[in-house]
Amino acid sequence: MTALHSLLPTFVFICLALVLQVHAAYLGSQNARVKVRDDGLGLTTNAQRFALGLPPLPPRNLGRRGSPIRRDADPPAPSPSSFTGFIAVTSQSGDYYGLLSTERNRGGSQGYTTDDQTIALNIKFTYTPGQTFPFSIRALNTDNFPYLGGTASKTSPNLISGSNSVAYISYIDFSAAGSYISPANSGCVEFMANDLTESSIWLLSNTVINGVPMRELKPQWHNPTWSETPVYLIWDHNKSAFAVSGDPTKVSGSEIVSPVPE
4 MTALHSLLPT
14 FVFICLALVL
24 QVHAAYLGSQ
34 NARVKVRDDG
44 LGLTTNAQRF
54 ALGLPPLPPR
64 NLGRRGSPIR
74 RDADPPAPSP
84 SSFTGFIAVT
94 SQSGDYYGLL
104 STERNRGGSQ
114 GYTTDDQTIA
124 LNIKFTYTPG
134 QTFPFSIRAL
144 NTDNFPYLGG
154 TASKTSPNLI
164 SGSNSVAYIS
174 YIDFSAAGSY
184 ISPANSGCVE
194 FMANDLTESS
204 IWLLSNTVIN
214 GVPMRELKPQ
224 WHNPTWSETP
234 VYLIWDHNKS
244 AFAVSGDPTK
254 VSGSEIVSPV
264 PE
C-alpha cells in the first residue's frame, strides 16, 4: 500500500466495463418532395385547363395514403448509464499515484493507493449525462458497508468557510441525495458513535490531465443545518486520509486535492 504524503492528487474514474445506451438524435424532418401532376398534355394547373375548356385536375392526395411525412421531433432524453471500474489517484499535472485501495487507515477511512488491482477498490455507479445532482458510489469489494461516502461529526457536520470540520472518505451505508444518516453505520471510527454519514456526494465532470481526457470525481456535501457551499476534496496529512472540507486553510496539515466544483 502507498501512503500519500506531500502529493497533490485528484480522483479520476477509470472505466473497466461500460454499459452505455446511446441514442441518435433525430435531426429534423425529411425534405418532402412534391410531385407535379401532369396528365400528358403538359397542363399542370387548372387555370391552363380552364382556358382550353377542359375539366379541372382530379383532387390531390394529401399524403393520407402511403408513408406519412416525418415531422421534427425533440431529441430523446439521455438514459442512465452504469459504470464499473477503479478510482485512480493522479496529480493535476498527470502524475499517476496508483489506484484507491480497499485498505483503510487506523481511523477506518480511505488513505492509501495501490498498484495491485486485487486490493484496489472496485466501484460501480449510475450516471446520466448532464446530471447535476450527486450520486452514490457502490463499493463492490468491501465488507460490511457497501458505499463510498463521507463520515463527519454530527456535532459539527456543516462543511463551510471558516470551519475546520471535515468528512472523511470512508465505507458507509446508503443515503439519498440531500440527506444523511445519524447515528450512522460507518467503517470510519474517528467520531465513534458521534457520527453522521452521506453517501450521495459525488459529481462526475470531464477534465483533461496532461492532455488526456478523463472523468473526474468531485464531492458535494449537504450541510444539515446550513446552506450549500462549495467544498474541496483534501488530503489530511495528520490522519493519512482523504476528506471533504469547506475550508482547507482551517484544517491543519491538509492539501487541496480538487478545485471548487463549478
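Numbering (the numbering used here), first residue to last: 4 to 265. Beta carbons are placed, not taken as given, at the ideal position from N, Cα and C, and that holds for glycine.
Can you tell me which of the options puts its alpha carbon nearest to the alpha carbon of residue i?
| i | options | result |
| --- | --- | --- |
| V92 | N125, Y100, F138 | Y100 |
| D198 | P83, L143, G111 | G111 |
| P227 | E193, A246, V215, L162 | L162 |
| T2 | P78, A80, S84, F148 | Residue 2 falls outside the range modelled here, since the chain spans only 4 to 265, and no answer is possible. |
| P222 | Y235, A187, G114 | Y235 |
| P132 | V215, L102, P83 | P83 |
| D119 | S255, T145, L102 | L102 |
| K242 | A196, S185, S173, G249 | S173 |
| P251 | V215, N209, M195, S166 | S166 |
| S185 | K157, N209, F177, M195 | K157 |
| V247 | I126, W224, S159 | W224 |
Taking the beta carbon of residue i as the centre, do at least 16 other beta carbons fall within 10 Å, making it buried, or is it exposed?
| i | result |
| --- | --- |
| G190 | buried |
| A179 | exposed |
| G152 | buried |
| A80 | exposed |
| T13 | buried |
| E193 | buried |
| P78 | exposed |
| Y150 | buried |
| Q113 | buried |
| S255 | exposed |
| A187 | buried |
| N108 | buried |
| V15 | buried |
| S85 | exposed |
| V211 | exposed |
| V37 | For V37, the predicted structure reports a pLDDT of 29, less than 50, and the residue's modelled location is therefore unreliable. A value from the coordinates is still provided. Exposed, because fewer than 16 other Cβ atoms sit within 10 Å of the Cβ of V37. |
Rounding to the nearest angstrom, what Cα-Cα distance links residue i and residue j in this structure?
| i | j | result |
| --- | --- | --- |
| E201 | Y183 | 5 Å |
| E219 | L207 | 6 Å |
| T135 | Y171 | 23 Å |
| I128 | I175 | Per the sequence shown, the amino acid found at residue 128 is Phe instead of Ile. Roughly 15 Å separates the two Cα atoms. |
| S230 | S168 | 15 Å |
| F245 | T116 | 11 Å |
| G97 | A155 | 30 Å |
| T87 | D146 | 18 Å |
| G181 | N213 | 34 Å |
| K204 | P137 | Note on identity: in this sequence residue 204 is Ile, with Lys being the wrong assignment. Answer to the nearest angstrom: the Cα atoms are 5 Å apart. |
| M217 | A123 | 19 Å |
| I237 | S164 | 14 Å |
| L143 | T232 | 30 Å |
| T121 | I90 | 13 Å |
| N209 | V215 | 11 Å |
| H240 | K253 | 13 Å |
| F177 | I140 | 9 Å |
| S159 | A76 | 50 Å |
| A196 | Y130 | 32 Å |
| N125 | G249 | 28 Å |
Looking at the secondary structure, which residues open and close the beta strand (DSSP E) in which residue i lies?
| i | result |
| --- | --- |
| L103 | 99-103 |
| Y174 | 169-175 |
| A246 | 244-248 |
| W224 | Per DSSP, W224 belongs to no beta strand (DSSP E) and is neither H nor E. |
| T200 | 198-201 |
| Y235 | 235-239 |
| V211 | 205-212 |
Less than 9 Å between CB atoms is the rule here; does residue i satisfy it with respect to chain C?
| i | result |
| --- | --- |
| G214 | As a matter of chain content, chain C is missing from the structure shown, which is built from one protein chain. |
For this session: Please go through the region 88-160 and give each complete beta strand (DSSP E) segment of 3 or more residues, from N-terminal end onward.
Result: 99-103, 115-117, 126-130, 140-142, 150-156
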